Amino acid sequence: MLEILITLYALFTIYRVVLSILQINYIKRCKEPVVLPEAEFHNAAIVAIQKQKFEIIHNIFLFITVAIWSVWGASALASSLSGIEMVIVRDALLVALFLVIGAVINLPFEIYSKFVMDKKFGFCNSTVGLFAMDFIKTIIMIFVFGFGVSWILLNCYEFLGQSWWIWAFAISFGLILLVNLIYPTIIAPIFNKITPLQNDELNLAINNLLNSCGFKSSGIYSMDASKRDNRLNAYFGGLGATKRVVLFDTLINKLDKNEIIAVLGHELGHFKHKDIIKNIALMGAVLFGFFAIFGNIPVNIYTALGLEQSGGGLFIFFLLYSSLFMVVVEPLISTFSRSHEFGADEFGANKTNKEYMISALKKLGKENKSFPLSHPFYSFVYHSHPTLFERLKRLENL
Numbered sequence: 012m013l014e015i016l017i018t019l020y021a022l023f024t025i026y027r028v029v030l031s032i033l034q035i036n037y038i039k040r041c042k043e044p045v046v047l048p049e050a051e052f053h054n055a056a057i058v059a060i061q062k063q064k065f066e067i068i069h070n071i072f073l074f075i076t077v078a079i080w081s082v083w084g085a086s087a088l089a090s091s092l093s094g095i096e097m098v099i100v101r102d103a104l105l106v107a108l109f110l111v112i113g114a115v116i117n118l119p120f121e122i123y124s125k126f127v128m129d130k131k132f133g134f135c136n137s138t139v140g141l142f143a144m145d146f147i148k149t150i151i152m153i154f155v156f157g158f159g160v161s162w163i164l165l166n167c168y169e170f171l172g173q174s175w176w177i178w179a180f181a182i183s184f185g186l187i188l189l190v191n192l193i194y195p196t197i198i199a200p201i202f203n204k205i206t207p208l209q210n211d212e213l214n215l216a217i218n219n220l221l222n223s224c225g226f227k228s229s230g231i232y233s234m235d236a237s238k239r240d241n242r243l244n245a246y247f248g249g250l251g252a253t254k255r256v257v258l259f260d261t262l263i264n265k266l267d268k269n270e271i272i273a274v275l276g277h278e279l280g281h282f283k284h285k286d287i288i289k290n291i292a293l294m295g296a297v298l299f300g301f302f303a304i305f306g307n308i309p310v311n312i313y314t315a316l317g318l319e320q321s322g323g324g325l326f327i328f329f330l331l332y333s334s335l336f337m338v339v340v341e342p343l344i345s346t347f348s349r350s351h352e353f354g355a356d357e358f359g360a361n362k363t364n365k366e367y368m369i370s371a372l373k374k375l376g377k378e379n380k381s382f383p384l385s386h387p388f389y390s391f392v393y394h395s396h397p398t399l400f401e402r403l404k405r406l407e408n409l
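Take the position in the sequence shown, starting the count at 1, then add 11; the result is the number in this note's numbering.
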């Protein structure tokens, strides 16, 4: 059974690597610049190819780590905790430590991505000290949340019989909604300074846009993203009364007022079309499917990893091999997400101005060094948004 699991993950890794190779070869064939000026088009191509090469190495590394965990690591970690008598506490600690060790193992890739690749392409502004502090905060959060959530779900496994996974799904889904609720006010400020937007003219324009769409927020804020990264972004965070508009300071500095309003108009398009509710429903359906599958996995499958017949062993198996099920789920999620983007673009263009929307997207592509084209199959699997070329073409035809 162990050999079958590792073979399946090897095939999954080959699938991922082939997708990256398809994307690399496609980008290399794109010689004629579109959307971006020639120099920036070719620079974006270089960035995209480097990212794919990095992904190939990272995916191979992930396969090696999964194989090591499966053959020896998971059982060794479980054995090191065998002295803890309380089963649920031991299993919750097993899951939390597994997550922490995984983050530490992946640290060299995080460092290379941030301080080699991003530095090379002009994105990274972070210092070693800031990166280290972020990592320490992340590890603490992984351990605390990993232990706490595992402990709750393990109680379901121990005491609720064969239907435990239904309760575990309901609790997990509720916790995801809770995290989304508290993210802008509690979690995001742990890493970034988020302050009320000081630009009165921009504030007024945004509030007028929000009011015209019936969107009630708890405020408009600026985030000091530039201390880490030069990429441009903005988001609507939170749910219900905690909803807030958050603009990266990089976005405020690079886009003019009308372009920022157009970008927010796009985001409001998702609100008006109820795309957020649809995405939450899809996320719930996918999560239910995962729990239904892993909640009914035969015991001998995860005990093949040398783990005990317990909730902890099942959860470790889920964390190691849930990626295999993404082969089916990921393209569905991507397709579902892409289907909303054209409508949001159109809403933003009609609510503000088509030319401002086009200008904003071009600037975002330029500053983020986003390659405007993609291999169709790669896009089908991975992309939550249509390519920049597709979005601009659709806008120009409105």
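In this text, a Cβ means the ideal position worked out from N, Cα and C, and glycines have one as well.
Since the model is a prediction, treat every value here as computed from it, not as a measurement.
Burial check for LYS227: the Cβ neighbour count within 10 Å stays below 16, so the residue is exposed. Unbroken alpha helix (DSSP H) runs of no fewer than 4 residues, entirely contained in the region 264–350, are found at 268–283, 286–305, 310–314, 322–332, following chain order. By the Cβ rule, the region 19–33 counts as touching the region 73–82, because three or more pairs are nearer than 8 Å. ARG40 is classed as exposed because its beta carbon has fewer than 16 other beta carbons within 10 Å across all chains shown. Restricting attention to beta strand (DSSP E) runs no shorter than 3 residues, the region 207–238 encloses them at 231–234, ordered along the chain. Residue environment: PRO387 is assigned as exposed (fewer than 16 neighbouring CB atoms within 10 Å of its CB, all protein chains considered). Residue state for ILE116 is assigned as helix, using DSSP reduced to three classes. The shortest CA-to-CA distance from SER183 to any of ILE163, PRO195, ASN364 is the one to ILE163. Taking the Cα of VAL392 as reference, the smallest distance to any Cα among SER31, VAL297, ILE79 is reached at SER31. Of the candidates MET128, LEU298, TYR246, MET294, the residue whose Cα lies closest to the Cα of GLY276 is TYR246. It is roughly 20 Å from the alpha-carbon of PHE154 to the alpha-carbon of PRO119. In the structure shown, VAL45 adopts coil according to DSSP, grouped into three states.
Between the region 172–186 and the region 106–125, the count of Cβ pairs shorter than 8 Å is below three; the stretches do not touch. Around GLY295, the same chain offers PHE184 as residues with beta carbons nearer than 6 Å, after the five sequence neighbours per side are excluded. In this structure, the alpha-carbon of MET12 lies about 9 Å from that of TYR313. Distance check between ILE147 and each of GLN173, VAL115, GLY133, SER124 places VAL115 closest, using alpha-carbon atoms only.
Distance from the Cα of MET128 is smallest, within the candidate group VAL58, PHE158, ILE68, for VAL58. For LEU403, the uninterrupted alpha helix (DSSP H) segment begins and ends at 399–407. Secondary structure at LEU164: helix, using DSSP grouped into helix, strand and coil. Rounded to whole angstroms, the separation of the alpha carbons of ASP260 and ASP235 is 6 Å.
Selection VAL77, PRO44, LEU47, ALA55 evaluated against THR18 yields VAL77 as nearest (Cα-Cα). Between ASN210 and ASN218, the alpha-carbon positions lie close to 12 Å from each other. For ARG242, the secondary structure class from DSSP, reduced to helix, strand or coil, is coil. Judged by DSSP in its simplified three-state form, LEU262 adopts helix. Closest option to GLY306, judged by alpha-carbon separation, among LYS285, LEU330, ILE291, ASP286: LEU330.
Assigned with DSSP and collapsed to three states, GLY248 falls in strand. The region 331–349 and the region 370–386 do not touch, with fewer than three beta-carbon pairs separated by less than 8 Å. ALA87 is classed as exposed because its beta carbon has fewer than 16 other beta carbons within 10 Å across all chains shown. Your pair LEU105 and GLY323 checks out as a contact, with CB atoms roughly 4 Å apart and the cut at 8 Å. When the beta-carbon positions are compared, ASN290 and LEU262 stay at least 9 Å from each other.
Cβ neighbours of GLU66 within its own chain (closer than 8 Å, five residues either side excluded): ARG27, SER31.
Residue pairing by DSSP places VAL256 opposite ILE231, PHE247 in a beta bridge. For ALA303, the closest C-alpha among the options ILE15, TYR37, ALA179, MET97 is that of ALA179. Going by beta carbons, ALA107 and PHE158 fall inside the 9 Å limit. For the 9 Å CB-CB criterion, LYS380 and LEU266 do not form a contact.
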